[in-house]
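So the structure is just underneath, and the comments pick up after that.
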Amino acid sequence: MRKISKVTAMQRYAAECGRSGTRVALVPTMGCLHAGHMSLVHKARKQVGPGGRVVVSIYVNPTQFAANEDLDAYPRTLDRDLADCRAAGVDVVFMPSDSSMYPDRERGGYSTYVNEENLSASMEGGSRPTHFRGVTTVVAKLFNIVRPDVAIFGAKDWQQAAIIRRMVRDLNMAVKITVAPTVREADGLAMSSRNANLSPAERAQADVLYRSLRAARAAVRAAGSVSAAKLRSGIRRVFKTAPLAKLDYVEFFHPDTLEPVRTVSSGTRMALAARFSRARLIDNERL
Ligand code: PAF
7 MRKISKVTAM QRYAAECGRS GTRVALVPTM GCLHAGHMSL VHKARKQVGP
57 GGRVVVSIYV NPTQFAANED LDAYPRTLDR DLADCRAAGV DVVFMPSDSS
107 MYPDRERGGY STYVNEENLS ASMEGGSRPT HFRGVTTVVA KLFNIVRPDV
157 AIFGAKDWQQ AAIIRRMVRD LNMAVKITVA PTVREADGLA MSSRNANLSP
207 AERAQADVLY RSLRAARAAV RAAGSVSAAK LRSGIRRVFK TAPLAKLDYV
257 EFFHPDTLEP VRTVSSGTRM ALAARFSRAR LIDNERL
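Residue numbers (the working numbering): 7 to 293.
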């Protein structure tokens, strides 16, 4: 497994793959890898086969964190991540520095961003207004540097995946986007690097997101269709059983357009976010 830190070295590697017709799959991550990430790596290998190259990027991207957010507290476990990547048969780990990704940013010398203007406004974008500009910018940069044929994202970040698909379509990027299912702990909690920042008491209550999704799904399956308002009050009741979690938003929407719906039926997607003392968790499912 190769470790590449320099943007120019990664570009040389990508150009060589291009010249030799070697297919490349990219799994973009911010590190603190868990079984959910590893499922993306396996999917990446399936997509390019044994002769292709699987590249995992590990980069905690500062531009997707607002000043008051958890950039400094974001968990970092590089040695373990590298060991996991090696064990999973990753070919290259790309781990650039801030100064190579955003030269001179601190002094205003970096000034080009990619902005998706529609799907980014709601849900995560409502709570974190500059977040998706940072995500689309860094993902576009990673695509330019790594030149992947395919890139794999997790369904836990459903809105992110929809925005990246839109960016790829709108900007004619030659990369196929694949979305892999959410991997869950035994109690249903979606695997996330941020789970590491839950206290034991919070961890015991963190299944409230999944319990809310299940309660909504059960209500929709029982009635055929239910108003979003009614489902929201049901979810607020579920959150009363987990006082350490504060519901940030819950939304019901079309899976592709992310348009909110007032009447929820089978096929509608539900997403929610909850705040704990040092972690903010998100989850979503098809109802
Ligand atoms: O989902 C993530 O971990 C990040 O948003 C991503 C896609 C790696 C961009 O920094």
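By construction, the Cβ of each residue, glycine as well, lies at the ideal position given by its N, Cα and C atoms. What you are looking at is a predicted structure, and each value in this text was computed from that prediction instead of being measured.
Flag glutamine 165 as yes when its Cβ comes closer than 7 Å to any non-hydrogen atom of ligand 1, and as no otherwise.
-> Exclusion of glutamine 165 from the 7 Å shell around ligand 1 follows from its C-beta lying no nearer than that to any non-hydrogen atom of the ligand.
By Cβ distance below 7 Å, which residues in the same chain neighbour glycine 230 in space, the five residues on each side in sequence not counted?
-> Correct list, in chain order: Ser271.
Grab me the residues of leucine 84's own chain with a C-beta within less than 8 Å of its C-beta, minus the 5 sequence neighbours each way, in chain order.
-> Once the five neighbours on either side are set aside, the close Cβ partners of leucine 84 are Gly37, Ile64, Met101.
Roughly how many angstroms lie between the CA atoms of arginine 217 and leucine 177, to the nearest whole one?
-> Their Cα atoms are separated by approximately 38 Å.
May I ask you to verify whether the segment 75-95 touches the segment 42-50, counting CB pairs closer than 8 Å and requiring at least 3?
-> Short answer: they touch.
Determine the closest residue to proline 187 out of Asp104, Asp289, Leu237, with distance taken between C-alpha atoms.
-> By alpha-carbon distance to proline 187, the top candidate from Asp104, Asp289, Leu237 is Asp289.
Looking at C-alpha atoms only, which residue of Leu219, Gly273, Arg209, Glu265 is the closest neighbour of alanine 1?
-> It is not possible to answer for residue 1, since the shown part of the chain is limited to 7 through 293.
C-beta atoms of valine 96 and valine 60 nearer than 8 Å | Yes, the Cβ-Cβ distance between valine 96 and valine 60 is below 8 Å.
Identify the continuous beta strand (DSSP E) that holds serine 233 and give its terminal residues.
-> Counted as a single uninterrupted DSSP element, the beta strand (DSSP E) harbouring serine 233 occupies residues 231-233.
Flag this pair as touching only if the segment 195-205 and the segment 225-239 have three or more C-beta atom pairs under 8 Å; answer yes or no.
-> Too few Cβ pairs lie closer than 8 Å, so no.
Let me know the alpha helix (DSSP H) ranges lying completely inside the segment 220-255, each 4 residues or longer, listed in chain order.
-> Entirely contained in the segment 220-255, the alpha helix (DSSP H) runs reaching 4 residues are, in chain order, 234-246.
Residues bridged to phenylalanine 259 by DSSP?
-> Answer by DSSP bridge pairing, in chain order: Pro266, Arg275.
Is isoleucine 7 near ligand 1, with its Cβ less than 7 Å from a heavy atom?
-> Residue 7 is actually methionine in this sequence, not isoleucine. No, since every heavy atom of ligand 1 falls outside the 7 Å radius drawn around the Cβ of methionine 7.
Just to confirm, does asparagine 201 get its C-beta within under 7 Å of one of the non-hydrogen atoms of ligand 1?
-> Not under cutoff, so the answer is no.
Would you call proline 154 buried or exposed, if buried means 16 or more other Cβ atoms sit within 10 Å of its Cβ?
-> Proline 154 comes out buried.
Just the Cα atoms here: how many angstroms apart are glutamate 75 and arginine 281?
-> Whole-angstrom Cα-Cα distance: 12 Å.
Under a three-way DSSP split, which group does arginine 292 fall into?
-> It is a strand residue.
Among Val185, His137, Arg238, which residue has its Cα nearest to the Cα of leucine 77?
-> With distances taken between Cα atoms, leucine 77 lies closest to His137.
Can you have a look at glycine 24 and say buried or exposed, based on whether 16 or more other CB atoms are within 10 angstroms of its CB?
-> That one is exposed.
Beta-bridge partners of isoleucine 151, as assigned by DSSP = DSSP output for isoleucine 151 lists no bridge partner at all.
Where does lysine 147 land, buried or exposed, given buried means 16+ other C-beta within 10 angstroms?
-> It is buried - the Cβ of lysine 147 has at least 16 other Cβ atoms within 10 Å.
Tell me, which residues are paired with isoleucine 170 by DSSP?
-> Per DSSP, none; premise fails for isoleucine 170.
Quick one: what's valine 61 bridged to in DSSP?
-> For valine 61, the beta-bridge partners assigned by DSSP are Leu32, Val98.
Lysine 52 - partner residues in DSSP beta bridges = Looking at the DSSP output, lysine 52 bridges to nothing.
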